[in-house]
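A.B. asks: Here you go, one structure.
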């Protein structure tokens with residue numbers, strides 16, 4: 260189960276980094292390149308980031324339940340509580356905000372291709388996605404940091 264948890268957050272964070280590279284790179288491209296980039300990025304979000312987020316979150320909850328059943332003193336493990344809280348917040352940002360916004364960008368990209376020009380709403384949606392996706396990514400890194408702190412203590 261620990262392997263699934265690690266694989267989940269690794270894929271989650273790794274695939275999210277794709278947005279940091281391709282989103283800005285597409286900004287000044289021709290309409291077709293820009294649109295197909297966002298259509299592809301929405302598929303990355305839907306088929307890689309979101310499922311990896313779910314796997315990491317569900318396995319994290321299962322690992323916590325297993326740890327609690329072993330009579331582990333949860334109150335003494337501040338690192339664990341911070342990792343759990345921040346990880347769940349990251350999942351909320353990813354699944355609740357970034358995934359719908361990525362899907363919205365794909366919709367606007369298709370609509371832009373049909374109209375022959377970029378939809379004016381696309382830049383606003385992209386900016387929101389960049390902000391909320393970045394917050395989610397930072398929260399994953401914070402959870403990873405606190406997980407590493409706990410792992411280093413032997414707990």
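Numbering (the numbering used here), first residue to last: 260 to 414.
C-beta atoms are modelled at their ideal positions from N, C-alpha and C, and glycine is treated no differently.
1. Is the stretch 350-357 close to the stretch 382-397, with three or more CB pairs under 8 angstroms?
2. Give me, in chain order, the residues of the same chain whose beta-carbon lies closer than 6 angstroms to that of residue 303; leave out the 5 immediate sequence neighbours on both sides.
3. Kindly indicate the opening and closing residues of the alpha helix (DSSP H) around residue 283.
4. Using 8 angstroms as the threshold, is the stretch 286-294 in touch with the stretch 322-331, meaning 3 or more CB pairs across them?
5. Let me check understanding here. Comparing Cα to Cα, which of 381, 406 and 261 lies closest to residue 361?
6. Are residue 345 and residue 384 closer than 8 angstroms when you measure CB to CB?
7. I'd like to check one pair, residue 300 with residue 349: are the Cβ atoms closer than 8 angstroms?
8. Report the three-state DSSP secondary structure of residue 288 (helix, strand or coil).
9. Need the endpoints of the alpha helix (DSSP H) that residue 371 sits in, please.
10. Let me make sure I understand the geometry here. Which of 372, 297 and 272 has the alpha-carbon closest to that of residue 307?
11. So, with DSSP's three-state summary, where would you put residue 381?
12. Which residues in the same chain have their Cβ closer than 7 angstroms to the Cβ of residue 263, if we skip the five residues on either side of it in sequence?
13. Taking the continuous alpha helix (DSSP H) assigned at residue 328, which residues delimit it?
14. For residue 405, does the three-state DSSP call read helix, strand or coil?
15. On the DSSP letters alone, give me the boundaries of the alpha helix (DSSP H) that residue 343 sits inside.
C.D. replies: Let's see:
1. yes
2. 274 and 277
3. 261-285
4. no
5. 381
6. no
7. no
8. coil
9. 358-374
10. 272
11. helix
12. 314 and 318
13. 309-328
14. helix
15. 337-350
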